[in-house]
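Report on one structure; see the data block that follows.
Here it is, written out as structure tokens:
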């Protein structure tokens with residue numbers, strides 16, 4: 031790929047946005063490659079966890095407004111078609127049924143911030159700076175932000191973050207529940223590696239179903255939620271992995287999960 035670095039190790043796939051000279055701003059090419067790799071990860075049974083990050087001390091500074099083939103300028107497409115391409119990236123990330131972790135250093139702005147929030151877990155360095163900057167550019171939210179923000183921090187806080195477009199420090203974002211952890215720069219790699227390893231070693235079916243249940247819960251009644259839980263749990267009890275977990279518990283050893 032031209033704009034991404036892909037590294038796979040022991041079930042963890044690390045996707046690094048690699049346009050450091052532009053603070054990893056998302057060009058048209060990067061958007062196409064992000065959608066491609068997200069769909070590939072979903073389809074690859076060997077990929078159990080994805081870590082999304084950026085090169086050169088930045089996460090992603092948003093859409094590249096200067097790219098002639100990007101979401102704002104591509105002359106071969108209508109404005110609506112261009113923006114739907116950006117939305118397709120958000121949907122491809124959302125449809126990954128495996129755990130996803132955003133590892134954020136430096137700026138995560140606009141569509142880049144949306145990408146981070148679209149991951150299941152967000153871990154920042156203390157130098158991270160985060161903004162839904164759209165209103166300051168005369169724009170409304172995109173890349174899934176209007177769906178993500180209220181679900182993460184509630185409607186009142188979501189409006190504060192979105193309408194003002196202010197820059198938030200990592201600690202401020204942590205205080206209102208936008209991110210999961212804030213760490214010194216020297217510690218973030220080891221911390222994310224540990225989280226990714228623990229998730230990759232976990233039961234793939236159960237983790238995937240847990241993620242799906244949580245995503246569906248905001249639109250489900252209590253009755254629907256417990257019915258969905260029952261169906262998922264029935265499937266778990268018929269799986270090889272649950273039998274392995276029960277045997278490992280009895281034998282006082284760590285289980286080995288295979289995703290079946």
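Numbering (my numbering), first residue to last: 31 to 290. Quick reminder that beta carbons are idealized off the backbone N, C-alpha and C, glycines included. All of these numbers come straight from a predicted model, not from anything done at the bench.
>> For residue 99 and residue 59, which I take to be in contact (beta-carbon distance under 8 angstroms), what is that distance rounded to the nearest angstrom?
In response: 7 angstroms
> Can you list, in chain order, the residues of its chain whose CB lies under 6 angstroms from that of residue 269, leaving out five sequence neighbours each side?
Replying inline: 235
>> Under 8 angstroms, with one C-beta from each stretch per pair, do the region 74-82 and the region 44-56 reach the 3-pair mark?
In response: yes
> DSSP beta-bridge partners for residue 62?
Replying inline: Under DSSP, residue 62 shares a beta bridge with no residue.
> Helix or strand or just coil, what does DSSP make of residue 199?
Replying inline: It is a strand residue.
> Would you call residue 288 buried or exposed, if buried means 16 or more other Cβ atoms sit within 10 Å of its Cβ?
Replying inline: Exposed, since its Cβ has fewer than 16 Cβ neighbours within 10 Å.
>> In the DSSP output, which residue or residues are listed as bridge partners for residue 161?
In response: 139
> Can the beta-carbon of residue 122 be found less than 9 angstroms from the beta-carbon of residue 94?
Replying inline: no
>> Using only CA atoms, which one of 148, 107, 111 lies nearest to residue 208?
In response: The option with the nearest alpha carbon to residue 208 is 148.
> Any idea if residue 168 is buried or exposed, counting beta-carbon neighbours within 10 angstroms, 16 or more meaning buried?
Replying inline: exposed
> For the beta strand (DSSP E) that residue 211 lies in, which residues bound it at each end?
Replying inline: 211-213
>> Let me confirm a value: residue 22 is counted as buried when at least 16 other C-beta atoms fall within 10 Å, else exposed. Which label applies?
In response: Any property of residue 22 remains undetermined from this structure, which presents the chain solely from 31 to 290.
>> Please report the straight-line C-alpha distance between residue 71 and residue 65, rounded to a whole angstrom.
In response: Inter-residue distance for residue 71 and residue 65 is about 10 angstroms (C-alpha atoms, whole angstroms).
>> Measuring alpha carbon to alpha carbon, tell me which residue in 245, 172, 86 is nearest residue 158.
In response: 86
> By DSSP, does residue 262 sit in helix, in strand, or in coil?
Replying inline: helix
> In this structure, does DSSP put residue 31 in helix, strand or coil?
Replying inline: coil
> Which same chain residues, not among the five before or five after residue 238, have their C-beta less than 6 angstroms away from its C-beta?
Replying inline: 127
> Given that a residue counts as buried once 16 or more other Cβ atoms are within 10 Å of its Cβ, and exposed if not, what is residue 73?
Replying inline: exposed
>> Taking the alpha-carbon of residue 201 as reference, which of 227, 178, 218, 154 has the nearest alpha-carbon?
In response: 154
> What residues in its chain sit with their C-beta under 6 angstroms from that of residue 130, if we drop five residues either side in the sequence?
Replying inline: 80, 149, 150.
>> According to DSSP, is residue 128 part of a helix, a strand, or is it coil?
In response: coil
>> With DSSP as the reference, identify every bridge partner of residue 240, one or two as the case may be.
In response: Residue 240 has no beta-bridge partner at all, per DSSP.
>> In whole angstroms, give me the CA-to-CA distance for residue 135 and residue 39.
In response: 22 angstroms
> Can you round the beta-carbon distance between residue 54 and residue 116 to whole angstroms, since I take them to be within the 8 angstroms contact cut?
Replying inline: That pair is no contact at about 15 angstroms.
> Hey, how far is the Cα of residue 160 from the Cα of residue 274?
Replying inline: 42 angstroms
> Does the separation of the CB atoms of residue 41 and residue 89 fall below 9 angstroms?
Replying inline: No, Cβ-Cβ distance for residue 41 and residue 89 is not below 9 angstroms.
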